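Notes to accompany the following structure.
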Amino acid sequence: MTGVSLALIRAGGWARMALLATCTAIVSGLLLVVVAMALLPAEPEESLFALVYEPGLRGGTAFGTAMLGVPALLLLYQAVRLGTAARDRRLAALRLAGATPGDVRAIGAVEVAVPAFVGSVAGIGVYRLLRLAFGGSTAPVRLVPTTVTPAWWQLGLVVLGVTALGLGVGLLASRRMVITPLGVARRQTPPPPRPWGTLLLLAGLVSGVLAVNGASRTRGTVQVVVLAAVAFAVLGILSLAPWFAYRAGRFVLGRTASPSMTLAAGRIVAEPHTVGRAAAAVGGIALIGGGAGALLDDIVTRTDGDPFYRVSYLLVALLLLIALLMVVGTLVVHSVESLLDRKRSIAALAALGTSPGELERAQFAEIALATMPVAAAGALIGAATMSIPTFTSPLSLAFLVVTVAVTLGVLWLAAELAVRATRPWVRRATAVDNLRTP
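Encoded structure:
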């Protein structure tokens, strides 16, 4: 069975396997940095930036480092789905040859677990690179401890944990599929998304109120409540992404005469969960970016240019940029997967006279409809939540408006970049050869 799984991995292409391994390597490396931070004593023996050196700030820094792995996991989810149609045909051929449903599921699991394990082990190298770049006396900003190192068993736990996490993401991507000798079918048509993520947002709001009114509590308790509020808010906006995409598609579908918008809205309404998960991290980035930008007024007026705050904000901006690049990768992989699965219908549209430019505009409209609503909601929630406690002048309102506008503008450019990156696949999908029955 392992030999068959390895053959399927090779058939899926080295690029897909490399992408799976890269995603898990990023998550594994980040988690090892978190472990190193957790091993630091109350008063470290080395010189570190205050966000890591101070025990009261270290937990939040470790939490933010771990959260940076969320975009990588969403990219992993899309990478697992890449080439779904061809992989499903190969698995259906195995069923036709006599494999049981359990055998097929096991083979599919090994197909994801092998590159996930390779990436998890490679994450040790990612951790070493991060330690070299952001640790020691030569680093411009010392964020990764060098006097403490995860033990061998901690390395093993992280490797096994990330491998299991990658395997779980892979199983999640195909949980509704049934492989039969005649092809692939869904167990059931998923219902339209529901806004259950609102409950998580409310939980985040309640946690935030408790943190603000927590003067009588210890600093550690308040910090835990604040981190819980951020986690609830991020998870809430992530889980609402499919619902935002579905509502945007339904709204546009009955109100537009544009062929590209109609095509994009129809695709979103047909598969809101898939495109929503591809755009989910956009909402999280907008939430954090909006909240951080809204605090600029308070930072500028009350800190007198303290280098700690300047460097901290630059680090937040850098991390958001890295997360945004991973989101662009997620959108690109989703678009490529969509083009590969729909190449017959796209080729039919091209044969009927639809220009490649119109098809590219449909791709952009699909990404924009999936990302902009959740991005606007995330930016407004983050900016408003952070602005209300520090609202002292009209300048605060100006910062709020500018923050939301800049956040949406950057995410719009990210969507444009993702579409431009998929242009070669759009051209290939319009080929007449795709009209043939596979």
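To get my numbering, take the position in the sequence shown, counting from 1, and add 266.
Ideal Cβ positions, reconstructed from N, Cα and C, are used throughout, including at glycine.
Small disclaimer: the values here were computed from a predicted structure and weren't measured.
Under the three-state DSSP convention, the category residue i falls into
i	result
P337	helix
W419	helix
P538	helix
A405	coil
G326	helix
G648	helix
S601	helix
A697	coil
V410	coil
P381	helix
R521	coil
M283	helix
W509	helix
E632	helix
L438	helix
W462	coil
Given residue i as reference, the closest of the options once Cα atoms are compared
i	options	result
W678	V384, L431, Y343 and V640	V640
A308	E603, G325 and A552	G325
P459	G648, P416, T415 and L506	L506
G256	V698, P538, V672 and A687	With the chain covering 267 to 704 only, the question about residue 256 has no answer from this structure.
S526	A695, D699 and P622	P622
M283	P337, L306 and V346	V346
A558	F315, A375 and A583	A583
A680	V599, F665 and L591	L591
H600	M333, A649, A613 and L342	L342
L471	T651, W280 and L674	T651
V692	L285, L605 and P381	L605
V490	W280, L314, T288 and L323	L323
L476	P310, A494 and R702	A494
V500	V541, I633, V300 and G644	G644
V301	L529, G422, A530 and L597	G422
L466	A497, V488 and V492	A497
I390	T290, G335 and V488	T290
L666	P411, L561 and Y393	L561
E320	A338, T464, F574 and V548	F574
P381	I551, S524, A281 and T413	A281
I534	A589, G550 and A511	A511
L334	P538, L646 and I554	I554
V593	A628, I551, T620 and Q629	I551
A616	L395, T464, D699 and G364	D699
M638	A695, F400, L396 and A671	A671
A628	E682, R408 and T331	E682
Status (buried if at least 16 other CB within 10 Å, exposed otherwise) for residue i
i	result
D572	exposed
A544	buried
W419	exposed
L580	exposed
D607	buried
L426	exposed
S578	buried
G502	buried
S313	exposed
P690	exposed
V318	buried
Residue-chain proximity (residue i, chain D), Cβ-Cβ < 8 Å
i	result
S313	Reference to chain D is not applicable here, since this structure consists of a single protein chain.
>> Closer than 8 Å is the cut-off here; do at least three beta carbon pairs connect the stretch 428–436 with the stretch 509–529?
In response: no
> Using 8 Å as the threshold, is the stretch 284–304 in touch with the stretch 374–392, meaning 3 or more CB pairs across them?
Replying inline: yes
> Which parts of the stretch 286–316 are runs of the beta strand (DSSP E), unbroken and 3 residues or longer, counting only runs that do not cross its ends?
Replying inline: none
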